[in-house]
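Enquirer: Note that the sequence shown covers residues 132 to 571 in our numbering.
Pasting a structure here, questions to come.
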Amino acid sequence: MTEPTADPELFDKIVNLSKRRGIVFQSAEIYGGFRSTYDYGPIGVLLLRNVKDQWWKSMVQMRHDVVGLDAAILSPPQVWEASGHLANFSDPLVDCTNCNARHRLDKLDDPNVCPTCGSSGTFTEPRAFNLMFKTHAGPVEGAGAEVYLRPETAQGMFVDFMNVLNTSRKKPPFGIAQIGKSFRNEITPGNFVFRTREFEQMEMEYFVPPGDSAHWYEYWKNERHQWYLDLGMPEDMIRLREHDDDELSHYSSGTADVEYLFPWGWDELEGIANRGDYDLNQHKEHSGERIEYFDQQANERWIPHVIEPAAGATRTAFAFLLAAYDEEVVNDDTRTVLRLDPRLAPYKVAVLPLSKKDTLTPTALEVFDQLKTRWMCDYDETQAIGRRYRRQDEIGTPFCVTVDFDTLEDRAVTVRDRDSMGQDRVSLDQLDGYLAERLP
């Protein structure tokens, strides 16, 4: 089988589509933009929400052994001292003495050549650059008021482990899941929304008996890989890569990445790590609190080991955009279409009156009201119907419902399929059932 290859041209197509169709905007664009921050527009916010909803459904709603949490973004220094982030959460930073550009040394193609100016041998000695954002809480700045924006959502789940254990009445194996913002002061953010300083994570900490960690590590690797495939990722564009020993964190006995073939090559979507009991042990020692599970059956106390699937919501949405993008020639015209799984599509249905004439508007709005309680719907009555179809194709809407002048007589509409462009005439009293067979 031929190995897939990266498509560099696809990157610019997605960036342009994102701006043109309201998926992603440069943040503070009217002020020249703010580097590495992005706003999700009317279409993007729906796509991102759907990605997070599908993750939550698979990780929490469909399971009896996982509960949710929404921990605070701000944390005191003690949390990050215990976790090791204050001492170890850093990247190697170098400066080019020729052009003053700063780079992350471990991400350079050639560690001796500056990619900005092309100079060789002009880098300073590498130094550790801590990635956490620090701020101050309260009216007076000082060491006692220092707080940090969380660089990951995981620590909130470890810190609240005993609270969740005691209130949820769960017992290992069980998980705590969370979706939320994280912040990292990246040296070299880039590749659009793939690596940014502000991003959303979808993480779950699965607490297991120490002797069962190897089993659950394999289980969650397979579960998480399959999740992407089930939502339409092409099988040859996604892979599960086990880390080599020299890549592992000091607390990890095994880590694997779900990787996608981005326009610049293979890169990480999600990491699945066997973290052992490192995190709970660290917080137990630094807080002085008892953090453990009492196994009544064995009459013993032990600290659970943790399997952590940690995914980036924003980069995952980006990968789904890339995977769904397609171009085809229809009647000598290039049609751009996002073949998103209907569960991820921003709008499930678009209601389109054939004409903007007042005679069609009341009926079209009636159809919109009929469908909106069940599905996220768009309503568009401007431009020619063909152009409106193309717009819906570009944002991935699975079905367009066209209200025409015959609708006023036969109480039926034309339903157009995004992928096949086939059209069916469906009566209004059967429209819900028709769509329900084809939509989530």
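Note that CB positions come from ideal geometry on N, CA and C, so glycine has one too.
Mapping the DSSP letters down to three states, classify residue 496 as helix, strand or coil.
Expert: Three-state result, residue 496: helix.
Enquirer: Can you find the residues in the same chain that come closer than 7 angstroms, C-beta to C-beta, to residue 402, ignoring five residues on each side of it along the sequence?
Expert: 386, 388, 441, listed in sequence order.
Enquirer: In whole angstroms, what is the alpha-carbon distance linking residue 482 and residue 186?
Expert: So the two alpha carbons sit approximately 28 angstroms from each other.
Enquirer: Ignore the nearest five residues each way along the sequence and tell me which others in residue 555's own chain have a CB closer than 6 angstroms to its CB.
Expert: Hits under 6 angstroms: 546.
Enquirer: I need the straight-line Cα distance from residue 364 to residue 178, nearest angstrom please.
Expert: Rounded to whole angstroms, residue 364 to residue 178 spans 15 angstroms at the Cα level.
Enquirer: Leaving aside the five residues before and after residue 299 along the sequence, list all residues of the same chain whose C-beta is less than 6 angstroms from its C-beta, in chain order.
Expert: So the list reads 198, once near-sequence residues are dropped.
Enquirer: Does DSSP put residue 175 in a helix, in a strand, or in coil?
Expert: Residue 175 falls in the helix class under three-state DSSP.
Enquirer: Nearest to residue 484 by alpha carbon, out of 513, 234, 563?
Expert: Residue 513 is the option with its Cα nearest to residue 484.
Enquirer: Short check: CB of residue 534 to CB of residue 567, under 8 angstroms?
Expert: Contact flag unset, no.
Enquirer: Please give me, in chain order, every unbroken run of the alpha helix (DSSP H) with length at least 4 that falls completely inside the region 377-454.
Expert: You should have 409-418.
Enquirer: Can you grab the Cα-Cα spacing for the pair residue 490 / residue 151, in whole Å?
Expert: Rounded to the nearest angstrom, the two C-alpha atoms are 31 angstroms apart.
Enquirer: Starting from residue 341, follow its DSSP beta bridges and name the residues at the other end.
Expert: According to DSSP, residue 341 bridges with nothing at all.
Enquirer: What did DSSP end up calling residue 357 once you bin it into helix, strand or coil?
Expert: Reduced to three states, the DSSP call for residue 357 is helix.
Enquirer: In this structure, how does DSSP classify residue 308 when only helix, strand and coil are distinguished?
Expert: Strand, per DSSP.
Enquirer: I'd like to know if the region 285-292 and the region 194-212 are in contact, where contact means that at least 3 CB-CB pairs between them fall below 8 angstroms.
Expert: Verdict: yes, contact present.
Enquirer: On the CB-based measure, 16 or more other CB atoms within 10 Å of its CB, does residue 296 come out buried or exposed?
Expert: Classification for residue 296: buried.
Enquirer: Looking at residue 437 and residue 336, is the spacing between their C-beta atoms short of 8 angstroms?
Expert: Yes.
Enquirer: Just to check my reading of the structure: residue 524 and residue 467 have Cβ atoms closer than 8 angstroms, yes? What is that Cβ distance to the nearest angstrom?
Expert: Contact flag correct, Cβ pair sits at about 7 angstroms.
Enquirer: What do you reckon, are the CB atoms on residue 362 and residue 472 nearer than 8 angstroms?
Expert: The answer is yes: Cβ separation under 8 angstroms.
Enquirer: Does any residue of chain C have a CB that is nearer than 8 angstroms to the CB of residue 328?
Expert: Within the model displayed, chain C is absent; a lone protein chain is all it includes.
Enquirer: Quick one: give me the first and last residue of the alpha helix (DSSP H) that residue 521 is part of.
Expert: Note, residue 521: alpha helix (DSSP H), 516-525.
Enquirer: Among 321, 330, 259, which has the Cα closest to the Cα of residue 395?
Expert: Comparing Cα positions, the closest option is 321.
Enquirer: When the distance is taken between beta carbons, is residue 435 closer than 8 angstroms to residue 530?
Expert: The answer is no: Cβ separation not under 8 angstroms.
Enquirer: Would you identify the three-state DSSP class for residue 371, choosing helix, strand or coil?
Expert: Note: residue 371 maps to strand in three-state DSSP.
Enquirer: Which ranges does the alpha helix (DSSP H) cover as unbroken runs of at least 4 residues, wholly within the region 212-248, from first to last along the chain?
Expert: DSSP runs (the alpha helix (DSSP H)) wholly in the region 212-248: 216-219.
Enquirer: In whole angstroms, what separates the C-alpha of residue 426 from that of residue 433?
Expert: Approximately 8 angstroms between the Cα atoms of the pair.
Enquirer: Which full runs of the beta strand (DSSP E) of 3+ residues lie inside the region 132-195, going along the chain?
Expert: If we require 3 residues or more, the beta strand (DSSP E) runs fully inside the region 132-195 come out as 155-157, 169-171.
Enquirer: Three or more C-beta pairs closer than 8 angstroms, one from the region 234-246 and one from the region 149-169: is that the case here?
Expert: No: fewer than three Cβ pairs fall under 8 angstroms.
Enquirer: For residue 352, does the three-state DSSP call read helix, strand or coil?
Expert: It is helical.
Enquirer: With a threshold of 16 other CB atoms inside 10 Å of the CB of residue 255, please say whether the residue is buried or exposed.
Expert: Counting Cβ neighbours within 10 Å, residue 255 comes out exposed, since fewer than 16 surround it.
Enquirer: Look at the Cβ atom of residue 241, then the Cβ atom of residue 223, and state whether they are nearer than 8 angstroms.
Expert: Against a cut-off of 8 angstroms, the Cβ pair of residue 223 and residue 241 comes out as no contact.
Enquirer: Hey, residue 469 and residue 456: beta-carbon distance below 8 angstroms or not?
Expert: It is a contact, given that the beta carbons lie within the stated cut-off.
Enquirer: Comparing C-alpha positions only, which one of 250, 214, 218 sits nearest to residue 229?
Expert: Of the candidates 250, 214, 218, the one whose C-alpha sits nearest the C-alpha of residue 229 is 250.
Enquirer: Between residue 347 and the rest of its own chain, which residues show a CB-CB distance below 7 angstroms, the 5 nearest in sequence each way excluded?
Expert: These residues qualify, in order along the chain: 304, 337, 339, 438.
Enquirer: Hey, would you say residue 326 sits closer than 8 angstroms to residue 168, going by beta carbons?
Expert: It is not a contact, given that the beta carbons lie outside the stated cut-off.
Enquirer: Hey, is the region 310-321 in contact with the region 342-361, meaning 3+ C-beta pairs nearer than 8 angstroms?
Expert: Touching, no.
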